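In the numbering used here, the protein residues as written are 188 to 430. Quick reminder that beta carbons are idealized off the backbone N, C-alpha and C, glycines included. Quick caveat, the model's predicted, so the values are computed rather than measured. Here's the structure we're looking at; comments come further down.
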């Protein structure tokens with residue numbers, strides 16, 4: 188069982204936050220002891236899926252809630268994707284790009300947990316900004332219709348030999364037109380250009396549309412964990428100033 192303080196999260200959410208990663212070999216009694224003694228306001232509990240015997244009772248007694256079945260999709264063989272839609276890499280996204288990024292988090296634990304929900308727009312904006320400012324191996328792409336309407340956006344990066352999708356979103360009025368598939372293809376072109384040999388994307392199992400998109404693009408489920416939140420002390424308080 189691994190316990191870690193999370194300084195970035197604590198600063199962003201204005202509360203003491205830590206994570207606890209539970210291995211299948213850990214016991215429910217060990218988890219309960221740790222939860223009883225935690226000084227933090229909120230714990231992110233990363234648990235195996237499905238839960239081993241005895242853990243659900245401990246979590247219920249402590250008042251923890253599951254907000255995510257975090258699902259990792261991987262693709263082991265990459266190939267060029269010519270596509271027919273013009274996907275453009277941007278260095279200074281317009282406000283509609285940030286707004287569309289926020290909509291991709293409707294199944295995120297930071298939206299589903301009402302204590303975090305006021306922070307979710309600023310959090311997703313920060314993720315887009317981080318992707319923009321992380322060098323040549325990271326970027327933001329968008330697709331606009333001929334009349335200028337933003338129809339889709341994506342953040343992608345390379346970490347060693349692995350390409351990673353950070354965020355991907357398609358405007359609800361533009362879905363079913365292959366835009367998500369084309370964005371995924373452009374990400375694959377980017378990965379290949381940076382020497383990546385495989386790709387990874389993480390989503391929520393309950394986000395059925397995203398799961399279908401990744402499966403359609405040749406990704407398969409490589410792993411799944413449950414993410415629970417346990418509030419043990421003060422709640423977070425949202426500040427309206429930009430974080």
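**OP:** Figure out for me which residue from 192, 249 and 237 has the closest Cα to the Cα of residue 412.
**Re:** Sequence index remark: in the chain shown, residue 412 carries index 225 (1-based). For residue 412, the nearest C-alpha among the options comes from 237.
Original post:
Is it the case that the Cβ atoms of residue 220 and residue 189 are separated by a distance below 9 Å?
Top reply: Translated into positions along the chain shown, residue 220 becomes position 33. Translated into positions along the chain shown, residue 189 becomes position 2. Their beta carbons are not under 9 Å apart, which means residue 220 does not touch residue 189 by this criterion.
**OP:** Mind listing, in chain order, the continuous beta strand (DSSP E) runs of no fewer than 3 residues lying wholly within the stretch 273 to 319?
**Re:** Taken in chain order, the whole beta strand (DSSP E) runs of length 3 or more contained in the stretch 273 to 319 are 275 to 277.
Original post:
Between which two residues does the beta strand (DSSP E) carrying residue 230 extend?
Top reply: One-based indexing of the chain shown puts residue 230 at position 43. Note, residue 230: beta strand (DSSP E), 229 to 235.
Original post:
Counting contacts by CB-CB distance shorter than 9 Å, is residue 294 in contact with chain B?
Top reply: The chain labelled as chain B is not found in the depicted structure, where only one protein chain is given.
Original post:
Beta-carbon separation of residue 348 and residue 383 under 9 Å?
Top reply: Taking the chain shown and counting its residues from 1, one reaches residue 348 at position 161. Taking the chain shown and counting its residues from 1, one reaches residue 383 at position 196. Taking 9 Å as the Cβ cut-off, residue 348 and residue 383 qualify as a contacting pair.
Original post:
Under 9 Å, do residue 386 and residue 350 count as touching if we go by C-beta distance?
Top reply: The residue you call residue 386 lines up with position 199 of the chain shown. The residue you call residue 350 lines up with position 163 of the chain shown. Closer than 9 Å, so yes.
**OP:** Let me know the secondary structure DSSP gives residue 188 once reduced to three states.
**Re:** Here residue 188 is taken as the residue at index 1 of the chain shown, counted from 1. Per DSSP, reduced to three states, the secondary structure at residue 188 is coil, with no helix or strand assignment.
**OP:** Measure the Cβ-Cβ separation of residue 256 and residue 391 and say whether it is below 9 Å.
**Re:** As a first step, residue 256 is located in the chain shown; it is residue number 69 there, counting from the start. As a first step, residue 391 is located in the chain shown; it is residue number 204 there, counting from the start. The answer is yes: Cβ separation under 9 Å.
Original post:
residue 260 bridges to which residues according to DSSP?
Top reply: Stepping through the chain shown from its first residue, residue 260 is reached at position 73. 388 and 408.
**OP:** For residue 238, name the three-state secondary structure that DSSP assigns.
**Re:** Here residue 238 refers to the residue found at position 51 when the chain shown is read from its first residue. Coil, per DSSP.
Subject >> CB contact flag (residue 316, residue 277, <9 Å) >> reply: Counting from 1 along the chain shown, the entry for residue 316 is found at position 129. Counting from 1 along the chain shown, the entry for residue 277 is found at position 90. With respect to residue 277, residue 316 sits apart: the two C-beta atoms are not nearer than 9 Å.
Original post:
Excluding five sequence neighbours on each side, which residues of the same chain lie with their C-beta closer than 6 Å to the C-beta of residue 253?
Top reply: Stepping through the chain shown from its first residue, residue 253 is reached at position 66. Cβ neighbours of residue 253 beyond the five flanking positions: 413 and 415.
Original post:
Can you tell me whether DSSP reads residue 221 as helix, strand or coil?
Top reply: Here residue 221 corresponds to residue number 34 of the chain shown, with the count starting at 1. In the structure shown, residue 221 sits in a helix (DSSP, three-state: H, G or I).
**OP:** Thinking residue 357 and residue 338 are a contact (beta carbons under 8 Å), I'd like their distance in whole angstroms, please.
**Re:** For this step, residue 357 is matched to residue 170 along the chain shown. For this step, residue 338 is matched to residue 151 along the chain shown. Right, the Cβ-Cβ distance comes to about 7 Å (below 8 Å), so this counts as a contact.
Subject >> Extent of the continuous alpha helix (DSSP H) run through residue 396 >> reply: Position 209 of the chain shown, counted from the start, is the residue given in the question as residue 396. Secondary structure note for residue 396: its alpha helix (DSSP H) is the uninterrupted segment 395 to 403.
Original post:
Which value, in whole angstroms, describes the spacing of the CA atoms of residue 372 and residue 366?
Top reply: As a working note, residue 372 is residue 185 in the chain shown. As a working note, residue 366 is residue 179 in the chain shown. Each residue's alpha carbon lies about 10 Å from the other.
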